[in-house]
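In our numbering, the protein residues as written are 597 to 764.
Idealized CB from N, CA, C, for every residue including glycine.
As the structure is a computational prediction, the values presented were derived from the model and not from experiment.
In what follows, a structure is listed as structure tokens, so that the remarks can point back to it.
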Amino acid sequence: MFSLDRLDAALLGELTHNPRAGIVDLSAKLGIARNTVQSRIRKLEESGAVTGYRPVVDLPKLGVPLQAFIGAELVQAQMGHVIAQLGRFPEVLEVHATTGREDLLIRMAAQSQEDLLLVLERLHAIEGVAHTTTTLALTTPIEYRTQPLVEHITRDAGHGRSSSAGSS
């Protein structure tokens, strides 16, 4: 497990706000040496704590305004097969294995209700899917985020400005 401090949290905050920020800009904003920024980013990436830098895509602006969450109950021995089949659906944004009555929570996007119905029919045709429950998303008042949690878990950590961090 990678241990974060407040400097890592601040760096992640800047990268969350602007993933294309350069080392010099990050150094200036955080008031730390460029080498420290580079070293911290490298450690975050090598630890697997940061796995990539992605654009935030506004699906409705691309003509895909409908999102739904589908809870799927499965024949237990078929989970791997069902997940593999779901990976072939371009409309599937993410899949979570869950506890409780439903085995998978599937987030999907569609251009219309009619298109969603066609995708659901394909989903129901997968061997091993026993039952689904569909919930349409009306709005997303809180987008996916991690920064408040990162700041919360590092609230009592040091700031990371040790003698090995270099000079500003």
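Query: With 16 other Cβ atoms within 10 Å as the buried cut-off, status of D604; Result: buried
Query: Opening and closing residue of the beta strand (DSSP E) in which A668 lies; Result: L662 to L670
Query: Cβ pair count under 8 angstroms reaching 3, the stretch 687-696 against the stretch 732-750; Result: no
Query: Cβ-based neighbour list, L622, same chain, cut-off 7 angstroms, excluding 5 preceding and 5 following; Result: L607, E610 and V633
Query: Same chain only: Cβ atoms within 7 angstroms of A693, ignoring 5 sequence neighbours per side; Result: D699 and L700
Query: Sub-7 angstroms separation of A668 and L712 beta-carbons; Result: no
Query: Beta-carbon proximity list for P615, same chain, < 7 angstroms, skipping 5 on both sides; Result: Y649
Query: Status (buried if at least 16 other CB within 10 Å, exposed otherwise) for A705; Result: buried
Query: For V653, three-class secondary structure by DSSP; Result: coil
Query: Alpha carbon of D601 to alpha carbon of P661, nearest angstrom; Result: 38 angstroms
Query: Cut-off 8 angstroms between Cβ atoms - residues of its own chain near H727, not counting five sequence neighbours on either side; Result: A668 and E669
Query: Spatial distance of E747 from A645 (CA atoms); Result: 14 angstroms
Query: Check whether Q709 and G659 have beta carbons under 7 angstroms apart; Result: no
Query: Alpha carbon of D752 to alpha carbon of A624, nearest angstrom; Result: 24 angstroms
Query: Minimum C-alpha distance to E741 - residue among I637, H613 and L714; Result: In the sequence as displayed, the identity of residue 741 is Arg instead of Glu. Closest option to R741, Cα to Cα, is H613.
Query: Pairwise C-alpha distance: G696 and A733; Result: 21 angstroms
Query: Supposed contact pair L682 and V691 - C-beta distance, whole angstroms, cut 8 angstroms; Result: 6 angstroms
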